[in-house]
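The next block holds one structure in the form of structure tokens; read it before the comments.
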Amino acid sequence: LFDVLVEPGIQDPTFVLDFPKEISPLAKERPDRPGVVERFEPYLCGMEIGNAFSELNDPVEQRRRFEAQLELRGPESEEAQQLDEDYLRALEYGMPPTGGLGIGVDRISVVFADQPSIRDVILFPQMRPETAPSK
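Sequential numbering of the sequence shown, starting at 403, is according to the working numbering.
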């Protein structure tokens, strides 16, 4: 819904906040808004340029979310993965509150170079097709 109704209208520098917990399994839930996580995505010139969130550090809740995701996707899903038991075990030892922001340098380059596609600014040319695809 967001990708179809909201994202196309974002042109000004914008921070999109308050993502649903169901689509952010690694993010910490906001204590004041059940079902919403501490996450934001910065947008520049209509393009998402990053993703940031507070890490969920509760091992019981993390396991529950992983299991719910597996159940939703089903065993035949290409996205179905095994539970990351090593990660869950590490959480049980204790993880301090933490968070992070990942910025896509290639996406920012698209904006500054005024190019229509990431393929036009990609760092490694061997990943870019030599000729334009035929229509």
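Think of the CB as a built atom: it goes at the ideal place given N, C-alpha and C, for glycine as much as any other residue.
| query | result |
| --- | --- |
| Where residue 519 sits in the DSSP three-state scheme | coil |
| Pair within 8 Å by beta-carbon distance, residue 471 and residue 436 | no |
| Buried/exposed call for residue 455, threshold 16 Cβ in 10 Å | buried |
| The ligand FMN heavy atom lying under 7 Å from the CB of residue 511 | Questions concerning the ligand FMN fall outside what the structure shown contains, since it holds no ligand whatsoever. |
| Residue 522 versus residue 512 - alpha carbon distance | 8 Å |
| Candidates 496, 525, 506: closest to residue 461 by CA position | 496 |
| Residues that residue 495 bridges to, as DSSP identifies them | Per DSSP, none; premise fails for residue 495. |
| Between the CA atoms of residue 403 and residue 510 - distance to the nearest angstrom | 25 Å |
| Residue 475 burial status per 10 Å Cβ neighbour count (16 or more: buried) | exposed |
| Element boundaries [alpha helix (DSSP H), containing residue 514] | 507-514 |
| Alpha carbon of residue 434 to alpha carbon of residue 526, nearest angstrom | 44 Å |
| Cβ contact check for the segment 446-454 and the segment 409-424: 3 or more pairs under 8 Å | yes |
| Through-space distance from residue 424 to residue 439, alpha-carbon basis | 9 Å |
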